[in-house]
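Residue numbers (my numbering): 1 to 302.
Note that beta-carbon positions come from the ideal geometry of N, C-alpha and C, so glycine has one too.
Some notes on the structure that comes next.
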């Protein structure tokens with residue numbers, strides 16, 4: 001839970017995401033900053049600021065011109081335009097029906113670059129911990145109109161995301177609190193939930209993963225209901241000086257996602273997590289509960 005000392009930066013998530021998209025598009029063409037800037041009649045510093053996410057006022061026509069110069073396909077251009085039209089604010093609500101296509105999952109890109117993730121989930125197993133069967137059962141409910149092939153593609157994306165936990169070099173550090181609701185709420189059937197609980201117990205033995213269960217008896221530690229949230233920490237560059245990306249709080253809801261990066265907001269969620277942490281069981285008793293639940297569900301299914 002490091003990072004409390006970081007100050008607010010002058011950039012915002014939509015601007016950084018836009019800058020990253022345009023920088024990646026430019027480098028894919030082999031163009032230098034000077035060459036690309038000349039094609040749209042900009043100065044090199046102007047384009048450089050845009051790629052760093054430091055341009056407060058972004059003109060849609062300028063972004064579309066760059067997309068055309070880079071030969072971006074229609075779907076990538078739509079994402080760039082959607083990002084450009086977002087207000088440069090520290091708290092950003094990304095609705096699933098918003099200008100940015102729903103399939104352009106910006107969270108996945110942030111998650112893959114994070115050095116550490118701090119997760120609280122009150123009801124559903126976090127995507128990083130889901131088995132393929134659990135993910136499949138959840139997606140069939142949330143995307144009832146999807147074909148079997150579309151569901152399978154979604155499941156595979158979930159499975160691929162989990163590689164950040166098990167890769168041999170610098171796996172992402174995760175500290176997670178799961179409310180007991182997560183383990184008791186049946187998704188699919190008892191056999192599926194038994195396998196899911198056993199999977200969570202198994203991955204909690206990894207050095208980079210700490211999982212705690214907040215039992216029913218803990219009551220309401222915050223005095224109010226808390227949404228599921230993830231705090232993403234990105235660390236500093238190789239020299240330990242510059243922040244790679246400011247910490248982000250991601251809150252997911254049924255209709256969309258909130259991204260918070262104001263220092264005060266990040267600190268609020270860090271404090272909330274500390275209270276939830278104090279109300280939760282230690283990792284070993286949590287693992288014991290997971291294995292006990294897995295065994296009971298397995299026996300009940302027989």
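Under the 8 Å Cβ criterion, the stretch 103-121 counts as touching the stretch 175-190, having at least three qualifying pairs. Cβ-Cβ distances below 6 Å link residue 55 to 49 in the same chain, with the five nearest sequence neighbours on each side left out; the list follows chain order. A distance below 8 Å between beta-carbons, with the five flanking residues on each side excluded, links residue 276 to the following residues of its chain, in chain order: 120, 177, 214, 221, 222, 226. Under the three-state reduction of DSSP, residue 254 is assigned to coil, being neither helix nor strand. Under the three-state reduction of DSSP, residue 236 is assigned to strand.
Distances from the alpha-carbon of residue 281 to those of 164, 43, 179 put 179 closest. The beta carbons of residue 33 and residue 83 sit no closer together than 8 Å.
Close CB contacts of residue 200 within its chain, under the 6 Å cut and outside five residues either way in sequence, are with 129, 290 (chain order). Of 70, 146, 136, 29, the smallest CA-CA separation from residue 156 is found for 136.
Taking the Cα of residue 216 as reference, the smallest distance to any Cα among 188, 210, 194, 182 is reached at 182. The C-beta separation of residue 212 from residue 283 comes to about 6 Å, placing the pair in contact by the 8 Å criterion. Taking 8 Å as the cut-off, the beta carbon of residue 139 is found no closer than this to the beta carbon of residue 124.
Minimum Cα-Cα distance from residue 245 among the listed residues 36, 111, 258 corresponds to 111. The beta-bridge partner set that DSSP reports for residue 212 consists of 177.
Here the alpha carbons of residue 188 and residue 77 stand approximately 38 Å from one another. Residue 285 sits exposed, since fewer than 16 C-beta atoms from the chains shown fall within 10 Å of its C-beta.
DSSP, reduced to helix, strand and coil, places residue 222 outside both helices and strands of the structure shown, so it counts as coil. The secondary-structure analysis by DSSP pairs residue 200 with nothing; it has no beta-bridge partner. Nearest neighbour of residue 25 by Cα position, chosen from 79, 193, 259, 258, turns out to be 79.
In the displayed model, residue 124 falls within coil according to three-state DSSP, outside both helix and strand. Runs of alpha helix (DSSP H) with 4 or more residues, each lying fully within the stretch 144-176, are found at 148-161, 163-166, listed in chain order. Residue 13: member of the alpha helix (DSSP H) spanning 13-29, first to last residue. Put simply, of 206, 57, 66 the residue whose alpha carbon is nearest the alpha carbon of residue 29 is 66. The C-beta distance from residue 134 to residue 47 rounds to 45 Å, too long to fall under 8 Å, and the pair is not in contact. The straight-line gap separating the alpha-carbon atoms of residue 250 and residue 38 is approximately 38 Å.
Looking at 108, 171, 185, 190, the one whose alpha-carbon comes closest to that of residue 154 is 108. In this structure, residue 278 and residue 261 do not form a Cβ contact; the two beta carbons are roughly 26 Å apart against a cut-off of 8 Å.
Nearest C-alpha to residue 270 among 233, 258, 292: 233.
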